[in-house]
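**Q**
In my numbering, the protein residues as written are 787 to 1040.
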């Protein structure tokens, strides 16, 4: 049996009982596992404890702040952050072990492969969705964005071989509901920053996104799943600006 790596696996959860066990099992190489739960009503907490994770309950702060809170609970400075519906491929584990043997960078990105409508996407927005998930918390942290958070790094980011598998089992209805919530949060964040609605961006942003991911990055090669995935992404771009406009209109005196 391989030695555990001197890092902490960090996962934030809410009602993730159907996914969490496979997630934690795929990263069993971590010397420590922490699950920060924000009020699950299913068996998420029981599964986490059964898998050997240290569980802490904390009220929801938004994605970025919640992940920063979770990272702060780790015993190790090197942390590996996963979502409950993600899995570490065997190839990724090999390259992760090699990187941790002699770390040359302060953070590492990995190719995230998305499963959508029953198909592993290989092009467009679905792959490779490069994501920083392994980092030294002394030199990197999650942004404070409530949605679409990202890791801010003070140093050079390396890349690992192997895929991080995003095997979400949600239905298309659930996926669309989630995108609706995300675009609302994006619009609210833009409004709070003082960004103003632009008709040009409302029109051009979805078209530019379609051209980039469906045509230039070969999303059409993923068939119907690729088309639907990118079309929803384009509609998201449209929606966040439409919602920003609605927020501005709501501010105006009648």
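Even glycine gets a Cβ: it sits at the ideal position worked out from N, Cα and C. A quick note: this is a predicted structure, and the numbers were derived from the prediction, not measured.
1. What does the Cβ neighbour count give for residue 900, buried or exposed, with the cut at 16 atoms within 10 Å?
2. Helix, strand or coil for residue 789 per DSSP?
3. Can you confirm whether the segment 842-858 touches the segment 907-919 when touching is taken to mean that 3 or more C-beta pairs between the two stretches lie within less than 8 Å?
4. Which runs of the beta strand (DSSP E) fall wholly inside the segment 979-1018 and span at least 3 residues, in chain order?
5. Tell me whether the beta-carbon of residue 910 lies closer than 8 Å to the beta-carbon of residue 1009.
6. Roughly how many angstroms lie between the CA atoms of residue 968 and residue 834, to the nearest whole one?
7. Nearest-angstrom Cα distance between residue 912 and residue 817?
8. Using only the alpha-carbon positions, how far apart do residue 924 and residue 819 sit?
9. Ordered along the chain, which non-local residues of its own chain (more than five positions away) have a Cβ less than 6 Å from that of residue 840?
10. Out of 988, 859, 829, 801, which has the shortest C-alpha to C-alpha gap to residue 794?
11. Let me make sure I understand the geometry here. Which of 966, 854, 1031 has the alpha-carbon closest to that of residue 931?
12. Against chain D, with Cβ distances strictly below 8 Å, would residue 887 count as a contact?
13. Hey, quick one: how far does the alpha helix (DSSP H) through residue 839 stretch, first residue to last?
14. Considering only residues of the same chain and omitting the five flanking positions on each side of residue 1028, which have a CB-CB separation below 7 Å?
15. Helix, strand or coil: which one does DSSP assign to residue 977?
16. Expressed to the nearest angstrom, what Euclidean distance is found between the alpha-carbon atoms of residue 994 and residue 877?
17. Straight-line CA distance for residue 1020 to residue 1007?
18. Quick test of your reading: residue 874 and residue 812, contact by CB under 8 Å. State the CB separation rounded to the nearest angstrom.
19. Along the chain, where does the beta strand (DSSP E) containing residue 1048 start, and where does it finish?
20. Taking the alpha-carbon of residue 881 as reference, which of 867, 908, 896, 870 has the nearest alpha-carbon?
21. Skipping 5 residues on each side, what residues in its chain have a beta carbon closer than 7 Å to that of residue 965?
22. Which residues mark the beginning and the end of the beta strand (DSSP E) in which residue 946 is found?
23. Compute the Euclidean distance between the alpha carbons of residue 885 and residue 946, then round it to the nearest angstrom.
24. Cutting at 8 Å between CB atoms, please list the residues of its own chain near residue 806, excluding the five before and the five after it.
25. What residue from 887, 866, 804 has the CA that sits closest to residue 788's CA?
26. Return yes when the Cβ of residue 892 is within less than 8 Å of the Cβ of residue 866, no when it is not.
**A** If we stick to the structure as given:
1. Residue 900 should be labelled buried.
2. For residue 789, the three-state secondary structure derived from DSSP is coil.
3. no
4. Those beta strand (DSSP E) runs which fall completely within the segment 979-1018 and span 3+ residues do not exist here.
5. no
6. 26 Å
7. 31 Å
8. C-alpha of residue 924 to C-alpha of residue 819: approximately 19 Å in a straight line.
9. 820
10. 859
11. 854
12. Within the model displayed, chain D is absent; a lone protein chain is all it includes.
13. Taken as a continuous stretch (DSSP letters only), residue 839 belongs to no alpha helix (DSSP H), as it is neither H nor E.
14. 988
15. helix
16. A straight-line Cα-Cα distance of about 34 Å links residue 994 and residue 877.
17. 18 Å
18. 4 Å
19. Absent from the model: residue 1048. The displayed extent of the chain is 787 to 1040, so no value can be given.
20. 896
21. 1018, 1022
22. 943-952
23. 8 Å
24. 797, 799, 821, 830, 833, 834, 837, 870
25. Per the Cα distances, 887.
26. no
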